[in-house]
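Line by line, the protein sequences give chains A and B.
The numbering of the first sequence is this note's numbering, which starts it at 1 and goes up by one.
The numbering of the second sequence is this note's numbering, which starts it at 1 and goes up by one.
Protein chains: 2
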Amino acid sequence: MAGLREQQKEDRKKRILKAAKGLFAELGHERTTIEAIAEAAGVSGVTVHNYYGTKSGVLMAVVAESDRALLDQIDDALGGLCDNLVDLLLHFAEIIRQHATTHLDKSIWRQVIAASISDSGSRFGKSYHTLDHQLALALVREIEGLQQAGRVAKEVSAYDLGKALFNLQNARFVEFISSESASSADIDAKLRRDIESLLNALRL
Amino acid sequence: MAGLREQQKEDRKKRILKAAKGLFAELGHERTTIEAIAEAAGVSGVTVHNYYGTKSGVLMAVVAESDRALLDQIDDALGGLCDNLVDLLLHFAEIIRQHATTHLDKSIWRQVIAASISDSGSRFGKSYHTLDHQLALALVREIEGLQQAGRVAKEVSAYDLGKALFNLQNARFVEFISSESASSADIDAKLRRDIESLLNALRL
DNA sequence: ACAAATTTTTTACGCAATAAAAATTTTTGT
DNA sequence: ACAAAAATTTTTATTGCGTAAAAAATTTGT
């Protein structure tokens with residue numbers, strides 16, 4: 001049988017995630033109740049808690065799923081298109097924002113980011129940060145390409161540079177989702193100023 | 001009387017904040033109940049909600065108070081001591097971490113940061129971001145000093161550079177509070193790599 | 001001092017989160 | 001195939017956050 005129990009667990013997890021995905025998209029985070037998710041998934045409310053801990057835990061799991069899809073395509077989407085660091089980061093950031101807004105609205109993302117910080121020690125908090133890290137690594141790989149092409153100093157660590165740039169991007173992403181009125185173009189301009197002022201700070 | 005009502009409101013606010021400050025420090029965020037704060041302040045639980053909206057709202061107000069104290073001394077603490085950008089930011093970051101850890105523990109700060117994102121539209125969320133911005137402006141002023149001294153390119157906007165550096169610092173600060181084991185020295189080293197790799201990325 | 005306005009408190013409710021007991025279902029051994 | 005054992009879900013109960021509306025108390029203006 002290779003574990004009927006395990007199989008049923010996987011089934012329930014999937015059903016819960018599917019139900020949650022639909023309800024979150026339809027009603028948002030606040031108006032979606034654990035009980036509603038449970039009912040739609042055909043389990044009890046306590047079972048949802050047993051699997052995902054908190055409502056935000058369920059939400060983070062939903063996001064993790066779509067983030068894995070992003071990871072699968074990010075290399076192709078970047079694909080050596082940019083020939084300099086500024087364009088690379090701006091393109092990267094645009095992909096992230098695009099992906100985020102097509103899947104969930106800003107208020108939901110605020111909950112996701114907040115939960116990833118307040119529950120950073122939980123299973124799903126950690127899993128979220130792991131995915132974030134893998135996203136940063138995609139940026140690192142592109143930077144290595146730029147170094148090969150002589151567009152970035154070979155002396156600097158691509159990893160360090162990639163993580164720093166990712167952090168800059170992430171700070172502006174949080175700003176993006178924190179204001180309903182912030183447009184992608186607004187944030188793009190700000191991020192450009194961030195990176196250009198840093199890159200040119202020591203060009204005396 | 002020039003407003004007895006206003007006076008009493010201020011009184012209640014102060015009592016609530018004082019009670020909350022003590023309870024949060026003693027018991028942490030989770031084990032501190034709104035009712036306990038209310039009782040210690042001599043008001044009803046609903047009144048606490050009326051003033052601060054949520055438990056995290058109370059917490060953000062407590063933090064805002066200590067942040068104002070930091071703002072009053074940050075210029076002196078920085079006081080033109082550093083003669084280059086890297087040292088300046090590292091010193092700035094150290095002051096922030098020092099201030100943070102002497103007032104509240106990491107778990108509380110996770111709640112504060114999370115609330116500032118998820119409730120960014122609320123009164124106290126906005127006030128928190130305003131204080132953050134003023135902190136960044138202190139950094140901007142120091143950078144202007146470095147530009148005068150010819151240690152930073154005068155062509156770049158001190159404001160843009162200051163905001164970018166502040167964002168880098170803040171990302172590492174969040175990392176600092178997100179892990180109980182992250183030491184101030186660990187984060188210092190990471191932040192140094194962040195800024196150095198960015199500053200040197202185009203030194204071909 | 002009294003009527004009006006403001007503010008707090010009381011009261012009630014929905015939901016998240018947690019814990020423990022009860023019920024159900026799968027697994028295991030024979 | 002069956003009964004005991006083990007694992008898992010459901011039921012039940014409790015605490016606390018957050019919100020809303022009515023009731024009570026207090027200040028204000030005349």
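Using N, Cα and C, we set each Cβ at its ideal position, and we do this for glycine too.
In this text, all values refer to a predicted model and were calculated from it rather than measured experimentally.
Check the Cβ-Cβ distances between residue i and every residue of chain B, and say whether any is below 9 Å.
i, result
"Val156/A", "yes"
"Glu196/A", "yes"
"Lys55/A", "no"
"Leu212/A", "Residue 212/A falls outside the range modelled here, since chain A spans only 1 to 204, and no answer is possible."
"Met1/A", "Model confidence at Met1/A stands at a pLDDT of 49, short of 50, so the residue's coordinates are unreliable and nothing is read from them."
"Ser178/A", "yes"
"Leu139/A", "no"
"Lys163/A", "yes"
"Leu85/A", "yes"
"Val174/A", "yes"
With 9 Å set as the bound, which would you pick, yes or no: does the beta-carbon of residue i sit closer than that to a beta-carbon of chain A?
i, result
"Asn170/B", "yes"
"Arg193/B", "yes"
"Val152/B", "yes"
"Glu142/B", "no"
"Ala100/B", "no"
"Leu90/B", "no"
"Ala136/B", "no"
"Arg203/B", "yes"
"Asp160/B", "yes"
"Asn50/B", "no"
"Leu199/B", "yes"
"Lys13/B", "no"
Determine the DSSP secondary structure at residue i, reduced to helix, strand or coil.
i, result
"Leu182/B", "Sequence check: residue 182/B is Ala here, not Leu. If DSSP states are grouped into helix, strand and coil, Ala182/B belongs with coil."
"Ala100/B", "helix"
"Leu198/A", "helix"
"Leu4/A", "helix"
"Arg203/B", "coil"
"Ile187/B", "helix"
Enumerate, from N- to C-terminal direction, the unbroken alpha helix (DSSP H) stretches of 4 or more residues contained entirely within the region 103-173 of chain A. Qualifying alpha helix (DSSP H) stretches, in chain order: 106-118 and 123-148.
Start-end ranges of the alpha helix (DSSP H) lying completely within the region 15-98 of chain A, minimum 4 residues: Fully enclosed alpha helix (DSSP H) runs of 4 or longer: 34-41, 45-52 and 55-78.
Residues of the region 110-130 of chain A with Cβ closer than 9 Å to any Cβ of chain B, in chain order: Shown in chain order are the members of the region 110-130 of chain A whose Cβ falls below 9 Å from a Cβ of chain B: Arg110, Gln111, Ile113, Ala114, Ala115, Ser116, Ile117, Ser118, Asp119, Ser120, Gly121, Gly125 and His129.
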